[in-house]
Amino acid sequence: MKNTRIDLRFYFITDDGTSGSGPLEQAKIAIAAGATVVQYRNKAFSDPDFNEAQAIAQMCAIHGVRFIVNDDMILARALGADGVHLGQQDADPALARQILGPGAVVGVSAANLEELARTDTAPCDYLGTGPVFATGTKADAGEAIGLHGLSEVVRRSGLPVVAIGGIFPESVEACMESGADGVAVISAITRADDPAAAAARFAAACGTRPRVL
Ligand code: 3NM
């Protein structure tokens, strides 16, 4: 089975670039606010991070939040994650599907229509596209595609689409109106003066409900 149903509305991604709170604290804030997905993204992953990643996985399981690991299928399996998110330079989606099995969530990034055309979307459950707006969080993110670019990818992909890159609570409605099923966010929460308040504004814009942790 493919195209596992996943509620993409409020897709939080952990930030490994902040000097303040770490991924666990960030994930707690997002889950409490009403995130529907947490992606563990740690490009500088090292052994001591495993316990932290596991704690996030457990928190997601308890609260019915989908837990996705960026790039690393071995880590995803070790953590009992719901699935993986793959960039264009990462493993092939078909391989991920084969390794993780029919019930896993497999997501893939395609920055724009050109990348989408090169992507094997058949084994995937959803597509991440962007940056929709300018972002300082990912150095190699490329040019922003804007809302028009987002709507074109939505129209062509045939998959649920999550918009990523430079998204703030104020831009959620426009992304949804452009056909996105959800928004993925890092810095507008993790680098906000008040991350919990920022996460609550995302939840309100995405139509999700807060949880008691
Ligand atoms: N991927 P922020 S943009 C992780 O375009 C990531 O594929 C992107 O962070 C892509 O919400 C991005 O801080 C960073 O802009 C998103």
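Per the UniProt record's numbering, residue 1 is the first one in the sequence shown, and the count goes up by one each step.
A virtual CB, placed ideally from N, CA and C, is assigned to each residue, including glycine.
These numbers come from a predicted model, not from an experiment.
In the displayed model, Ile13 falls within a strand according to three-state DSSP. Per DSSP, Val212 lies in no alpha helix (DSSP H) and is assigned neither H nor E.
Judged by pairs of C-beta atoms under 8 angstroms, the region 52-64 touches the region 13-31, as three or more such pairs exist. For the pair Leu150 and Gly182, the Cα-to-Cα distance works out to about 12 angstroms. The Cβ-Cβ distance between Ile13 and Ala144 does not fall below 8 angstroms. For Thr190, the uninterrupted alpha helix (DSSP H) segment begins and ends at 187-190. In this structure, Gly149 has its beta carbon at no less than 7 angstroms from each heavy atom of ligand 1. In this structure, the beta-carbon distance from Gly166 to Pro131 falls below 8 angstroms. A residue is called buried when at least 16 other Cβ atoms come within 10 angstroms of its Cβ; Leu213 does not meet this threshold and is exposed.
Closest option to Thr18, judged by alpha-carbon separation, among Arg211, Glu170, Ile186: Ile186. A Cβ-Cβ distance of about 7 angstroms is found for the pair Asn112 and Val153, placing them in contact under the 8 angstroms criterion. Short of 6 angstroms from the beta carbon of Ile99, and not among the five residues preceding or following it, lie these beta carbons of its own chain, in chain order: Met73.
By a beta-carbon distance limit of 8 angstroms, Val84 does not contact Ala94. Their separation comes to about 13 angstroms. Within the DSSP bridge table, the entry for Asn70 names His85 as partners. Within the region 34-69, the runs of alpha helix (DSSP H) that reach at least 4 residues and sit entirely inside it are, in chain order, 49-63. Listed by position along the chain, the residues with Cβ atoms less than 5 angstroms from a non-hydrogen atom of ligand 1 are Ser109, Gly130, Pro131, Thr135, Thr137, Lys138, Ala141, Ile164, Gly165, Gly166, Val185, Ile186, Ser187.
The Cβ-Cβ distance between Val65 and Val38 falls below 8 angstroms.
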